[in-house]
Structure formats: structure tokens, C-alpha cells
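Protein chains in written order, with our numbering: chain R, 915 to 1410; chain E, 1354 to 1526. Shown next, in C-alpha cells, is the structure this report addresses.
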Amino acid sequence: MTLAKWFDAAAPVAGAPGVTGLAVDDDGWRGAAEDFAAAGGRLVALWAQGAESGHRAVFAALAASARVLVVELPLAAGESSAAHRYPGLQDLFPFANRMQRAAGDLYGVHSTDPDTRPWLRHAPGGASYEFVKVQGEGVHEIAVGPVHAGIIEPGHFRFSVVGEKVLRLEERLGYAHKGVERRFSQIGILDGHRLAARESGDSAVAYSWAYVQALEGQVEVEIPRRAAWLRALALELERLANHLGDLGALGNDAGFAFGLAQFSRLKEQLLRATEQCFGQRYLLDAVIPGGVRADVPAHAGAALERCVTGIAAEARELRDIFDEHAGLRDRFVGAGTVSCALAARLGLIGLAGRASGQAFDWRVDAPCRPYDELRPRKCGAAGGDVAARVAVRFDEAQESCRLALGILADLPPGAVQTRVPAPPADAFAIGVIEGWRGPVMIALSAGPGGSIRRCHPHDPSWQNWPALEHAIIDNIVPDFPLINKSFNLAYSGHDL
Amino acid sequence: MLKTLRKIHRIGIVTEPAPAADESLRVREALQRRILDVMGRALCIRAVDAGSCNGCELEMHALGNPIYNIEGSGIRFVASPRHADLLLVTGPVTLNMRDALRRTYEATADPKLVVAVGDCGCTGGIFGESGAVVGRVANVIPVDVAIPGCPPNPARLLSGILAALSAGRVSSA
């Protein structure tokens, strides 16, 4: 196994289980990426840091089954961006392209790959962006966004079409770029979970948990067992709420308003029960360093149990209705297909990956506490179309109900918080939590005096947005909202 | 089909009745009256995400569920600023969205109302102002009402929309 030499040379990294780190030179950077690609491994994230974080460097988190190797390539000091171009990884991991361009925008750290168009930092005054032109008889372009026709996050889609058929889609993102990485370095490390939660509001639990997992790893604090279980409850409620919302919207996008009415009713019930338990409908502040903000009141836990039991039964009933509805089947089956082979080539991950045969779930394959005790079941499908993503959502919604009910039934007694001191300067850790879209990663470096030297949040949407460009090819334009919703990728989470 | 019809029949109408104890529902009643008084027709809202974390959007979606049933109160979300009476804007406004927000505002016919949504829309929130973020919505376009919250729940959103229709040009809901 060629990967053994990399893992043997690496040192353990605090935070998520199974993470190791290694400083490399140009050859090691490229060599590690080639070996992981050859062994069927994945690129989890690629990010950079500037001189203000101590030294310029570029990082890549590479994964093979349940183990992660974080390679760090230090770059020459100096202001000139041409001083050192690091070897690009786009040929090995296609979606590295955008992360490399983002690193160039934010830190002036450039790769040797040819695509140097800005990604997150848009030209002032909305100057033109060079979309790839599709030419030929009858080809025309449709430009959509950044302000969309519904209640959606901002982004731009450029379709090249013939008649109704899409020949090419090119995405242009970065409209929600808020400079979160720099904002992190302005707040205390014990407050960073609040900003992490707001990286993508629909994945607030996943982000804030990944953040505190890294932080708690740096100071080697073990949180109380009850606190860990409550975090898992919060994460599964977040997953369930998003799946309910999206299943309803998917029905609606296929012309079945009944689906939206039913699922949005169930979602509202769940949000109200969640508020009784955690004091918030959306759990932006539930996870804190050392545990959770407050214990769940006993009567609220009982009400949540009734609510989730009801949702599980109704979701089964609604699944039958969806499955038997000829109009929905017609729209779902074969729409927006990403084959298993393409998914593997593109590095598709998370929910969308599992619907295209990429059977990886951090909760199962590299479980952090308390998932080693809870033992979630992995859901998956091989169809890779909208129908497959709908099926995986139905399965995962049921599984989240099962996990939530199990947690409520066997919630261990004890405290829900423990004290977390500020980590020493230079402490480094990685947090990874399987959110509803896929694995959310946080790379956290501590600065002196309880400050943050560098924090990089990574959303699974970085991997999956490029796959959407493939999924829409040869489909018709009116199916785009449906296909897009079946992925429901993050804009804010991606745009940093 | 039979299952669908049976489900519809069994669930019935879940929109919460007007005289319930919940304060939000009195707001809904007042809002409906106010829309009829001021507009004489449905109030058309254009949602603009000028850079939010998407938390506020989730609660804006909830307005459409059968419990809040915003369409039943005479409010519609529309697909173009040219059809809109009111812009519901979430923030913080990013540098990359500043021009798009300004253009959306300019494309909306007068008279128009602007409601800024969420802590970030009101003040810039946790993101503040920086090289990438212009901050609160009022830094870019005139704002009639600002609804704080992270995110504000559907009842507060309804109160804010009512405040905009009732008063106009006030600073906070």
C-alpha cells in the first residue's frame, strides 16, 4: 500500500479521529496527491494562509477510507505572488480548480494550473468574467442570477442551450463572500463557534460542532457524555429539518404542491418542538465549547419524542405517495444523473455522493463521539439521478428520526458543559462533522492570548457544485430548478 | 391518488385560527386588513439575499407553510422586482452583491418599501463591515423597517412587514 509511507511519516493531528499531518516540499505535495488519487482517495479540502498567519503556506487534506492526511507546503516569504507557484492538483482532483483560485484571491498564493480567473473576489464594478463560450448553430446563452426568482441565496448560472436542451452550464459563485476567514482572526478563539455556525445557517450545528471539536482537541478536553449525545440530537434534528424542507420543495418543483404543503407542515412542527428543547428553531447557538448551551427540559424531550415519532410515520406515508405518483416519477427518474463513475472521478461527497454510489459517511466510517455508540446506518443508492437523491433523503430522514428517538430514550445523565481553556499559541486541529449536505471541515490554528491565528471552514459544496454542471448536461432548462434543489448546495458556506 | 386525497382529507386545514392566543396570529389579521386598506390587492414581495448565511431565508420560507399561510393573508413572493411593492432584504450586504442590490432597488417601481431582515441586515451582525462586507442594508439602499433576530421567526417577520405598511420610514420594527 503506497499510502502507508505517508501515514507512517505523519504526526497525529488533534480534533477529528484519524487525522494526521505532514510538512512537505513541492515533490512531496505532488507525490502525496498522486498516491492518494491512484489509491482511490479523496481530496477533502485545499486552503492557504498568508504571511499574517506566521508564514505563507498551502494545505491539502487528503483522505483514504477513514484516515486523513493534512499536508502543508510552506511557501517562500515575500510579497511577490510569482515568487513561488505551488504545483496544481486539478488534473488529479478536478474540483481543486476553484479552491486554488480562491486561495489565489484571498492570499495571493497561486498554483501552476492554467485557470487563473478570480473566483471569490469579483472585479470592482462588476467587470466581465470570462465564461467559456459555446459556439455553433442555434446556440444561445441564458444568464440567471445573482438575484434569483425565489427565496434563494445569490449565485449566477450561465446556460448555453440549443432549444431547451442544456449543452453547458457554468456557475459563477462568490456573491455571498463575507471574508469569514479574516473575521475569525478578529474574534476570540472561545467565541469562534458563533461565527462558524453562521458560515451556513442551514448547517449551523455541523459547523459549530466541527469548530468546537477542533478547539476541544487542541486543549484535550473531553466533554460530558450527555453533552455529546445532545450535540448528536441537535445534528440529527438539523438533518431531518433540511430533508423535510427539501423533499417538500422537490415535490413542488415537479408540480406537486401537496408535497410542499405536507412536508412544510411537518418541518414547522419539528422546528417548534426543537425550540421547546433548545430554545431556538434553528440551532445557531446550541453548540458551545465544552458542551451544549443548555440541557433539554424533560417535558420538551417528551414532546419532541412524540413529534419525531409522528413525523417518521407521516414521512413513510408520504414516501408511498411520492413513489406511486406517476407525474413525480416521470420528473425524478433519469433527471440530473451523475453516474457512479463520474461521481468517483469528480470526488462527489456527502448526500449527493451517497446517491451516486460513493458510500462514505463520517458518522459511520470515522465516527466521533457519540456516533461510535449510536451506530448510525449508512444510506445510499446507485442511480445518481434526482430520484436517487430523493430516495437517500427519505432514508436519511427515517434514520435521523430513529437516531433522535434512540438518543431521547437513552440520554445519559450528567452535566451538559465542561470548562474549556484557551489553547496555547500554535495549537492546530481539524474538526470534521457529517452535516446533512456532507462533511463540514474546520482547520483551526490558535494564536497567542486566546486569539485565532487562522480558521478555514470547508463546505462539501466545494466538491459538489462542479458535479451539478455535469448533472444538467442534456437535460432541459425547466428541469434545472428540480435538479438544483435535489443537490441544494450552499452558497454562503462555499463563498467563505 | 386515493392515498393523496385521503391524506388531504385527514389533515384538513391546519392554518391556525385567528383568535388563538398566539400574538403572531393577531398580527396576521391586522396585516390582512392593512394590506386591503393600503393596497386594495395582494402585497407583492421580492426577496433579495444580499449575502446572508441563509438562516433568514429558511424563516422566510416558513411564512409560506400552511401554518402561517402568508398567501392567505394576501402576500405573494414574486419573481421580479418590477412586480414588487416591497423588498425583503437579508444581509450583511457583501461587496459582491452591492451593485445587484442597488439595481434591484432601482428596478422596483415607486412607491416601494424596503424591509431589512435579521441582525446582519439591521447592523451587519457578526460579520460587521470589512473589505468584503458593506454591512447593513441601509448602507446601500433606503430602509423603511429593520427586523432584528438571528434569524427572526416568522411571527416577527409578519410584524415587520405590517410595520412597514403602517408607518413607513421608521428605523426599527
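For glycine and all other residues, C-beta sits at the position ideal for the given N, C-alpha and C.
What does residue i touch in chain R if you count any residue whose Cβ is under 7 Å from its own?
{"i": "residue 1503 of chain E", "result": "1198"}
{"i": "residue 1397 of chain E", "result": "Going along chain R, no residue has its Cβ under 7 Å from residue 1397 of chain E, so there is no contact; the nearest lies around 13 Å."}
{"i": "residue 1447 of chain E", "result": "1089, 1090, 1091, 1092"}
{"i": "residue 1411 of chain E", "result": "1115, 1116, 1196"}
{"i": "residue 1483 of chain E", "result": "1093, 1096, 1097"}
{"i": "residue 1506 of chain E", "result": "1195"}
{"i": "residue 1400 of chain E", "result": "1065"}
My assumption, with CB atoms under 8 Å, is that residue i sits in contact with residue j. Please give the rounded CB distance.
{"i": "residue 1442 of chain E", "j": "residue 1454 of chain E", "result": "7 Å"}
{"i": "residue 1404 of chain E", "j": "residue 1445 of chain E", "result": "6 Å"}
{"i": "residue 1280 of chain R", "j": "residue 932 of chain R", "result": "5 Å"}
{"i": "residue 1484 of chain E", "j": "residue 1093 of chain R", "result": "6 Å"}
{"i": "residue 1447 of chain E", "j": "residue 1487 of chain E", "result": "7 Å"}
{"i": "residue 1362 of chain R", "j": "residue 1339 of chain R", "result": "4 Å"}
{"i": "residue 1221 of chain R", "j": "residue 1260 of chain R", "result": "Contact doesn't hold; Cβ gap of about 38 Å is too wide."}
{"i": "residue 1172 of chain R", "j": "residue 1398 of chain E", "result": "In fact, because the Cβ distance is near 24 Å, the residues do not count as touching under 8 Å."}
{"i": "residue 1012 of chain R", "j": "residue 1045 of chain R", "result": "At roughly 14 Å, the Cβ-Cβ gap does not stay under 8 Å, so residue 1012 of chain R and residue 1045 of chain R are not in contact."}
{"i": "residue 1396 of chain R", "j": "residue 1245 of chain R", "result": "6 Å"}
{"i": "residue 1266 of chain R", "j": "residue 1378 of chain R", "result": "5 Å"}
Going by the beta-carbon positions, is the gap between residue i and residue j smaller than 8 Å?
{"i": "residue 1201 of chain R", "j": "residue 1145 of chain R", "result": "yes"}
{"i": "residue 1149 of chain R", "j": "residue 1119 of chain R", "result": "yes"}
{"i": "residue 1215 of chain R", "j": "residue 1191 of chain R", "result": "yes"}
{"i": "residue 1389 of chain R", "j": "residue 1080 of chain R", "result": "yes"}
{"i": "residue 946 of chain R", "j": "residue 989 of chain R", "result": "no"}
{"i": "residue 1412 of chain R", "j": "residue 1366 of chain R", "result": "For residue 1412 of chain R there is no data in the structure shown, the boundaries of chain R being 915 and 1410."}
{"i": "residue 985 of chain R", "j": "residue 955 of chain R", "result": "no"}
{"i": "residue 987 of chain R", "j": "residue 949 of chain R", "result": "no"}
{"i": "residue 1380 of chain R", "j": "residue 1028 of chain R", "result": "no"}
{"i": "residue 1468 of chain E", "j": "residue 1498 of chain E", "result": "yes"}
{"i": "residue 1404 of chain R", "j": "residue 1375 of chain R", "result": "yes"}
{"i": "residue 1518 of chain E", "j": "residue 1391 of chain E", "result": "yes"}
{"i": "residue 1406 of chain R", "j": "residue 1406 of chain E", "result": "yes"}
{"i": "residue 1506 of chain E", "j": "residue 1178 of chain R", "result": "no"}
{"i": "residue 1043 of chain R", "j": "residue 1086 of chain R", "result": "yes"}
{"i": "residue 1208 of chain R", "j": "residue 1224 of chain R", "result": "no"}
{"i": "residue 1263 of chain R", "j": "residue 1124 of chain R", "result": "no"}
{"i": "residue 1241 of chain R", "j": "residue 1169 of chain R", "result": "yes"}
{"i": "residue 1016 of chain R", "j": "residue 1003 of chain R", "result": "no"}
{"i": "residue 978 of chain R", "j": "residue 958 of chain R", "result": "no"}
{"i": "residue 1346 of chain E", "j": "residue 1416 of chain E", "result": "One cannot answer for residue 1346 of chain E here, as it falls past the ends of chain E, which runs 1354 to 1526."}
{"i": "residue 1383 of chain R", "j": "residue 1006 of chain R", "result": "no"}
{"i": "residue 1386 of chain R", "j": "residue 1394 of chain R", "result": "yes"}
{"i": "residue 1396 of chain E", "j": "residue 1439 of chain E", "result": "yes"}
Given that residue i touches chain R, what residues does it touch there, using C-beta distances under 8 Å?
{"i": "residue 1457 of chain E", "result": "1061"}
{"i": "residue 1356 of chain E", "result": "1231, 1234, 1235, 1238"}
{"i": "residue 1450 of chain E", "result": "1060, 1068, 1089, 1090"}
{"i": "residue 1517 of chain E", "result": "The contacting residues do not exist; residue 1517 of chain E stays about 18 Å from chain R at best."}
So residue i contacts chain E; which residues on that side make the cut at Cβ distance below 7 Å?
{"i": "residue 1179 of chain R", "result": "1367, 1418, 1419, 1420"}
{"i": "residue 1182 of chain R", "result": "1415, 1418, 1420"}
{"i": "residue 1109 of chain R", "result": "1479"}
{"i": "residue 1022 of chain R", "result": "By Cβ distance, chain E contributes nothing, its closest Cβ being about 14 Å from residue 1022 of chain R, past 7 Å."}
{"i": "residue 1157 of chain R", "result": "The premise fails here: residue 1157 of chain R is roughly 13 Å from chain E at the closest Cβ pair, so nothing lies under 7 Å."}
{"i": "residue 1036 of chain R", "result": "1449"}
{"i": "residue 1082 of chain R", "result": "Here the premise fails: no neighbours, minimum Cβ distance about 23 Å."}
Going along chain R, which residues have a C-beta under 9 Å from residue i?
{"i": "residue 1432 of chain E", "result": "1062, 1063, 1064"}
{"i": "residue 1453 of chain E", "result": "1040, 1059, 1060, 1061, 1068, 1089"}
{"i": "residue 1486 of chain E", "result": "1091, 1092, 1093, 1097"}
So which residues on chain E does residue i lean against when the C-beta distance must stay under 8 Å?
{"i": "residue 1176 of chain R", "result": "1360, 1364"}
{"i": "residue 921 of chain R", "result": "Ordered by position in chain E, no residue passes the 8 Å Cβ test against residue 921 of chain R, which lies about 36 Å from the chain."}
{"i": "residue 1406 of chain R", "result": "1404, 1405, 1406, 1407"}
{"i": "residue 1384 of chain R", "result": "Simply none; closest approach about 24 Å."}
Can you name the residues of chain E whose CB is closer than 9 Å to the CB of residue i?
{"i": "residue 1172 of chain R", "result": "1357, 1360, 1361"}
{"i": "residue 1370 of chain R", "result": "The contacting residues do not exist; residue 1370 of chain R stays about 15 Å from chain E at best."}
With a threshold of 7 Å (Cβ to nearest heavy atom), would residue i be considered close to the ligand ZN?
{"i": "residue 1239 of chain R", "result": "This structure simply doesn't include the ligand ZN, nor any ligand for that matter."}
Evaluate contact between the stretch 1226-1240 of chain R and the stretch 1252-1272 of chain R, counting only Cβ atoms and requiring at least three cross-stretch pairs below 8 Å. no
May I ask you to list, following chain order, the residues of the stretch 1203-1236 of chain R that have a beta carbon less than 9 Å from some beta carbon of chain E? 1228, 1231, 1232, 1234, 1235
Check whether the stretch 1064-1071 of chain R and the stretch 1402-1422 of chain E are in contact - that is, three or more C-beta pairs closer than 8 Å. yes
So does the stretch 1294-1301 of chain R actually touch the stretch 1258-1272 of chain R, counting three or more Cβ pairs closer than 8 Å? yes
Are the stretch 954-968 of chain R and the stretch 1020-1028 of chain R touching, with three or more C-beta to C-beta distances below 8 Å? yes
For the stretch 1380-1393 of chain E, which residues have a beta carbon sitting closer than 8 Å to at least one beta carbon of chain R? Residues of the stretch 1380-1393 of chain E with a C-beta atom less than 8 Å from some C-beta of chain R do not occur.
Check whether the stretch 1092-1110 of chain R touches the stretch 1313-1328 of chain R, taking contact to mean three or more Cβ pairs, one atom from each stretch, closer than 8 Å. no
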